[in-house]
DNA sequence: TCTCTGCGTCAAGACGGCATCAAGATCCTT
DNA sequence: AAGGATCTTGATGCCGTCTTGACGCAGAGA
């Protein structure tokens with residue numbers, strides 16, 4: 001196992017054919033302190049990563065959506081948004097690994113960030129070598145599974161999780177909050193069966209995992225809004241006794 | 250996100266199939282200091298985890314192999330084996346998340362452990378809350394399917410346990426819940442014979458281990474759905490008097 | 001050859017899960 | 001405070017799945 005990520009041929013003169021070289025991992029850095037940005041830009045750049053930067057939470061979310069990075073490095077102390085908010089907003093549509101940087105090293109801060117959906121937490125000041133090692137861990141994880149895209153489309157169905165917009169055959173469809181959460185939950189697992197328990201837990205909360213009735217009602221309304229023939233659904237498929245599945249193609 | 254792992258479902262009405270109740274996460278702890286073991290035993294136990302312990306590296310590897318845990322917590326300072334050795338040996342056949350505990354907090358130690366294949370590194374003395382949070386992160390990863398791809402294929406038969414999809418000659422085949430559980434149970438032991446008792450116990454519950462009749466009926470329906478010539482099965486083989494076996498290749 | 005045992009097949013009925021409708025209850029906006 | 005949208009809850013019909021029993025068949029042993 002090489003400790004270095006992707007030694008991009010230390011110094012090739014020719015920008016020529018990137019041929020068989022694996023693509024450089026893409027990282028989005030959300031950090032407002034210019035000093036740290038400069039430092040990480042230099043460090044990560046020299047280790048073969050491609051870096052995109054944002055100085056504020058909102059920008060960072062946009063950047064993460066457009067760049068589809070392999071990893072996001074996030075500073076919790078941002079000027080505009082609460083860092084935890086950034087994590088949660090990101091997790092609404094993406095499973096990209098998030099490494100949190102923070103000047104605060106209190107246990108409570110770490111727990112909050114990790115439970116909000118971060119994958120790792122590094123306190124400032126940090127050791128570069130450790131950060132790089134944790135970055136490699138995150139990349140290993142990212143390589144195992146897809147990081148998810150904020151937009152999804154099958155047939156005539158389009159779901160844009162950034163604009164929070166759903167279309168059928170190009171027509172906007174209005175969904176209620178619960179309908180939307182149910183649909184995006186399925187989108188994030190498109191093609192896979194999602195268990196009734198899991199759906200109930202994530203939409204209605206951990207206390208309602210027995211109310212399978214809710215699912216029937218809401219799958220019904222969703223189908224009426226999204227399917228051409230709700231009785232013979234093309235997108236929202238039932239897996240009897242198990243859960244539901246969103247057709248992937 | 251609930252901070253608690255998996256509230257162990259207070260009380261099911263039917264004593265029947267172990268089916269839908271989410272099982273308590275299983276953890277293997279490899280640690281030689283009795284004091285820390287006692288402490289973690291109490292802490293993890295009270296948070297709903299099922300803990301198995303080992304006091305040395307070799308034992309730990311055996312334990313990890315037999316218990317098939319969701320997470321391994323590993324102390325680097327073991328009497329018999331070098332901690333890094335344990336990580337590497339484990340990684341030879343398993344992708345289970347590994348959280349390293351260590352009294353040494355040097356950067357070099359962390360980098361070495363993480364690059365050897367560990368997923369996280371916590372220095373002693375550690376804060377319980379943080380360890381629990383990092384444990385939840387590891388479990389999230391495990392649940393997301395980072396851990397190896399349980400897809401199985403022989404001949405024209407394909408079983409994708411992530412998508413819960415079964416194909417024969419590229420054609421989707423619909424299986425009922427019991428059929429699917431029976432098949433995946435065989436898949437997990439592909440090539441080896443699985444006893445009738447075990448099949449009955451794991452699919453119908455511990456109370457039905459005498460109803461070998463069920464097996465005949467369901468092996469029949471499975472063969473009709475999966476085999477080209479159900480009377481001369483290629484995949485689902487009978488081991489008379491013992492059990493059934495899924496052809497491995 | 002006969003009998004016993006274990007496996008495979010078929011079919012009928014019981015059972016439970018799913019879809020749908022509709023009526024309260026609740027929340028939010030105006 | 002009124003109105004509308006949304007969520008919850010109950011009732012009902014239907015369909016697929018599971019269970020259960022009966023029977024045929026093959027192989028082993030007497």
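Residue numbers (the numbering used here), protein chains in the order written: chain H, 1 to 249; chain S, 250 to 498. Ideal placement from N, C-alpha and C gives every residue a C-beta, glycine not left out.
Interface residues of chain H around residue 411(S) at Cβ under 8 Å?
Taking the first residue of the second chain as 1, we reach residue 411(S) at position 162. By Cβ distance, chain H contributes 192.
Just the C-alpha distance for residue 352(S) and residue 316(S), rounded to the nearest angstrom, thanks.
As a first step, residue 352(S) is located in the second chain; it is residue number 103 there, counting from the start. As a first step, residue 316(S) is located in the second chain; it is residue number 67 there, counting from the start. Looking at the two C-alpha atoms, the distance is approximately 26 Å.
Counting C-beta neighbours from all protein chains within 10 Å, is the total for residue 345(S) 16 or more, i.e. buried, or is it exposed?
In the second chain, counting from the first residue as 1, residue 345(S) sits at position 96. Buried, by the Cβ-count rule.
Would you call residue 377(S) buried or exposed, if buried means 16 or more other Cβ atoms sit within 10 Å of its Cβ?
To locate residue 377(S), count along the second chain from 1; it is residue 128. Burial call: exposed.
Does residue 54(H) come out as helix, strand or coil in the three-state DSSP assignment?
Within the first chain, residue 54(H) is the residue found at index 54, counting from 1. Here residue 54(H) sits in strand by DSSP.
With 9 Å as the C-beta to C-beta threshold (strictly closer), list the residues of the stretch 117-142 of chain H near chain S in chain order.
Taking 9 Å as the Cβ-Cβ cut-off against chain S, the residues of the stretch 117-142 of chain H that qualify are 117, 118, 119, 120, 121, 127, 128, 129, 130, 132, 133, 134, 136, 137, 140, 141.
Can you tell me which of 354(S), 334(S), 330(S), 402(S) puts its alpha carbon nearest to the alpha carbon of residue 495(S)?
Numbered from 1 along the second chain, position 246 holds the residue referred to as residue 495(S). With distances taken between Cα atoms, residue 495(S) lies closest to 402(S).
Run down chain S in chain order and give the residues with a C-beta less than 8 Å from the C-beta of residue 241(H).
Here residue 241(H) is taken as the residue at index 241 of the first chain, counted from 1. Simply 425, 426.
So, does the CB of residue 71(H) fall closer than 8 Å to a CB anywhere in chain S?
On the first chain, position 71 is the one that residue 71(H) refers to. No - not a single Cβ of chain S is within 8 Å of the one on residue 71(H).
With DSSP run on the structure shown, which of helix, strand or coil describes residue 31(H)?
Here residue 31(H) is taken as the residue at index 31 of the first chain, counted from 1. The answer is coil: DSSP assigns residue 31(H) none of H, G, I, E or B.
Is there a C-beta anywhere in chain H that falls below 8 Å from the one on residue 345(S)?
Along the second chain, read from residue 1 onward, the residue named residue 345(S) stands at position 96. Closer than 8 Å: no.
In angstroms with no decimal places, state the Cα-to-Cα distance between residue 356(S) and residue 131(H).
Start at 1 with the first residue of the second chain, and residue 356(S) comes out as number 107. Start at 1 with the first residue of the first chain, and residue 131(H) comes out as number 131. When rounded, the distance between both Cα atoms is 10 Å.
What residues in its chain sit with their C-beta under 8 Å from that of residue 249(H), if we drop five residues either side in the sequence?
On the first chain, position 249 is the one that residue 249(H) refers to. Contacts found: 154, 191.
Within its chain, find whatever has a CB closer than 6 Å to the CB of residue 451(S); leave out the 5 residues flanking it on each side and keep chain order.
Within the second chain, the letter at position 202 stands for residue 451(S). Result list for residue 451(S): 434, in chain order.
Please name the residue or residues paired with residue 463(S) in a DSSP beta bridge.
If you number the second chain from 1, residue 463(S) lands on position 214. Residue 463(S) pairs with nothing; no bridge assigned.
Assuming residue 24(H) and residue 49(H) form a contact by the criterion Cβ under 8 Å, report the distance between their Cβ atoms to the nearest whole angstrom.
Locating residue 24(H) in the first chain gives position 24, where the first residue counts as 1. Locating residue 49(H) in the first chain gives position 49, where the first residue counts as 1. Confirmed, Cβ separation roughly 6 Å.
Run through chain H and tell me which residues come within less than 8 Å of residue 360(S), C-beta to C-beta.
On the second chain, residue 360(S) is found 111 positions in, with the first residue counted as 1. Going along chain H in sequence order, the residues near residue 360(S) (Cβ under 8 Å) are 3, 129, 130, 132, 133.
Among the candidates 194(H), 43(H), 239(H), 225(H), whose CA atom is the shortest distance from the CA of residue 169(H)?
Indexing the first chain from 1 puts residue 169(H) at position 169. When only C-alpha atoms are compared, the closest one is 225(H).
Residue 375(S) by DSSP, collapsed to three states: which one?
On the second chain, residue 375(S) is found 126 positions in, with the first residue counted as 1. DSSP places residue 375(S) in coil when its eight states are reduced to three.
Thinking C-alpha only, which one of 198(H), 86(H), 236(H) is nearest residue 30(H)?
As a first step, residue 30(H) must be located in the first chain, where it is residue number 30. Closest option to residue 30(H), Cα to Cα, is 86(H).
For residue 36(H), name the three-state secondary structure that DSSP assigns.
Stepping through the first chain from its first residue, residue 36(H) is reached at position 36. The answer is helix: DSSP assigns residue 36(H) an H, G or I state.
Let's test the definition: count the other Cβ atoms within 10 Å of the Cβ of residue 171(H) and tell me whether it reaches 16, buried, or not, exposed.
Taking the first chain and counting its residues from 1, one reaches residue 171(H) at position 171. So residue 171(H) ends up on the exposed side.
Could you tell me which of 36(H), 236(H), 242(H) sits nearest to residue 430(S), measuring between CA atoms?
Counted from its first residue, the second chain places residue 430(S) at position 181. The shortest Cα separation from residue 430(S) among 36(H), 236(H), 242(H) belongs to 242(H).
So, helix, strand or coil for residue 85(H), using DSSP?
Indexing the first chain from 1 puts residue 85(H) at position 85. If DSSP states are grouped into helix, strand and coil, residue 85(H) belongs with the helices.
Take residue 32(H) and list the residues in its own chain whose beta-carbon comes closer than 6 Å to its own, dropping the five residues that flank it on each side.
Sequence index remark: in the first chain, residue 32(H) carries index 32 (1-based). 55, 78, 79, listed in sequence order.
Excluding the 5 residues preceding and the 5 following residue 343(S) in the sequence, name in chain order all residues of the same chain whose CB lies nearer than 7 Å to its CB.
Translated into positions along the second chain, residue 343(S) becomes position 94. Counting only Cβ-Cβ distances below 7 Å, and skipping sequence neighbours, we find 313.
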